[in-house]
Amino acid sequence: MAEARRWGFSWLAWSIFALVLVSGGAASWLLYRAMSTTLDVLTEERLNAAGRAVLQALDTDLNGAIDAMRSTALMMGALNAPDEQAWRAFTVPIMKGRTPLRAMDWAPRSLAEQGQDRFPRKLVTPPNILPLGEDLARQPLWLSSSQMARDSGVTVSTALTDFQLRPDAEEVTQPGADGFDRGRGLILVTPVFAPGTTTGLKARRERLRGYVSGLFDINFFMQEASFRADSAHLDLLVFDVSDQRSLQYAQRGEHSDLDPETLEAYKPRPGDLQLSVVVASRSWELVLHPRSSFFAADDRGSIHAFAAVAALVTLLLAAAVFWVGHSQYVAAQARRAA
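In the numbering used here, each residue's number is its place in the sequence shown (first place is 1) plus 4.
Given below as structure tokens:
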């Protein structure tokens, strides 16, 4: 009977035990969630900062190339009779600097009495890297972009295309077995107008003198952006979404969980960062995918350890409070029995 009274029910002890357990558990959970949310915000900020660094690298190289193309076009438009000496004096320094442009050419307009105007390549830098005399109007990709450039008055890019540079060029970076330098890139097309007003579609079409085109190496263009993404432990995928969504470039680092066989159809996952950039009239989507190493700096193990310690402390504190309350209850019962 005494044993039953000793372990008898105490509303006060059990109530205090439940209160300490619930309130301590709730406080621990709220603190854990606050720490976890803060860590999520910091992780997102790191991802956004890496995204800004990648965009900055792309903007620097892209704007530099487009500015060079525009300056060359203005120079060619200002000359009454553009000659090779003026062309080389202007374009050689551009090509010797740090630029994703592999080649630049000048194609003057050759008016046709009937049918389509011709645009034969007359000048090229570096010399001999592309065949002279080739009518660029016979290239559908170049022609559609040149017409857009003429009508808008700005530099327009083609879609990604394969290129082949002649083996007697001044610099060959990726020579094939036959000596040709092959790669993938864009063709930037900048219209050249005669001096005078070019306001309005009619004026631009009438004053068109030709085009300055630049071969834009995609691998060189993405080099700095890829380095910055890789340094932040991110994979980088670039898609052209102007027409059909197509993969332009992919950079997978060590321990990447991306399957190289399915990159073309890759859809951004939760946690990926999507960015948009306009590349000379074409819309690109950049996807930054964190690798497992990206989250190594998060130190989520400390948060989980804190949660475990907080739960244990709460449980011990509740047990201690319950034991004190229960002891008082047993003592009170003993005094009554006496």
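C-beta: ideal position from N, C-alpha, C; glycine also. No experiment lies behind these values; they were computed from the predicted model shown.
Across the set Gln143, Leu134 and Pro104, the C-alpha of Gln143 shows the shortest separation from the C-alpha of Gln120.
Annotation: the continuous beta strand (DSSP E) that includes Phe243 extends over Leu238 to Asp244. Looking from the CA of Ala269, the closest CA among Phe243, Leu134, Arg286 and Ser75 belongs to Phe243.
Between Ala57 and Arg232, the CB-CB gap stays under 8 Å. Taking the Cα of Ala207 as reference, the smallest distance to any Cα among Leu140, Val160, Asp155 and Asp71 is reached at Asp155. Closest option to Gly68, judged by alpha-carbon separation, among Glu265, Thr203, Asn132 and Thr159: Thr159.
Note that the C-beta distance between Ser149 and Val193 is below 8 Å. By the Cβ-count criterion, Arg340 is exposed, with fewer than 16 other Cβ atoms from all chains shown falling within 10 Å of its own Cβ. Cα atoms of Arg113 and Asp44: separation of roughly 57 Å, rounded to the nearest angstrom. Annotated three-state conformation of Gln252 is strand, per DSSP. Judged by DSSP secondary structure, Gln278 falls within the beta strand (DSSP E) whose first and last residues are Leu277 to Val283. Leu238 is not a Cβ neighbour of Leu251, given a cutoff of 8 Å.
A Cβ-Cβ contact shorter than 8 Å links Arg106 with Gly189.
Contact between the segment 193 to 204 and the segment 94 to 101 is absent, with fewer than three C-beta pairs closer than 8 Å.
Judged by DSSP in its simplified three-state form, Ser217 adopts strand.
Residue environment: Arg286 is assigned as buried (16 or more neighbouring CB atoms within 10 Å of its CB, all protein chains considered). In this chain, Phe123 is not harboured by any alpha helix (DSSP H), its DSSP state being neither H nor E.
Rounded to whole angstroms, the Cβ separation of Ser230 and His259 is 16 Å, and the two are not in contact under 8 Å. Looking at the DSSP output, Arg188 shares a beta bridge with Asp166. According to the DSSP assignment, Arg232 belongs to the alpha helix (DSSP H) that extends over Gln227 to Ser235.
One thing to note: Ala61 has its Cβ within 8 Å of the Cβ of Glu228. Annotation: Gln248 to Trp288 spans about 11 Å, alpha carbon to alpha carbon. Following the DSSP letters along the chain, one finds Leu147 inside the alpha helix (DSSP H) bounded by residues Pro144 to Ser156. Relative to the Cα of Met73, the nearest Cα in the group Pro195, Leu115 and Leu292 belongs to Pro195. Relative to the Cα of Ala236, the nearest Cα in the group Ala300, Phe220, Asp261 and Arg211 belongs to Ala300. In the three-state DSSP reduction, Ser260 falls in the coil class, being neither helix nor strand.
The C-beta distance from Trp110 to Pro86 rounds to 7 Å, short enough to fall under 8 Å.
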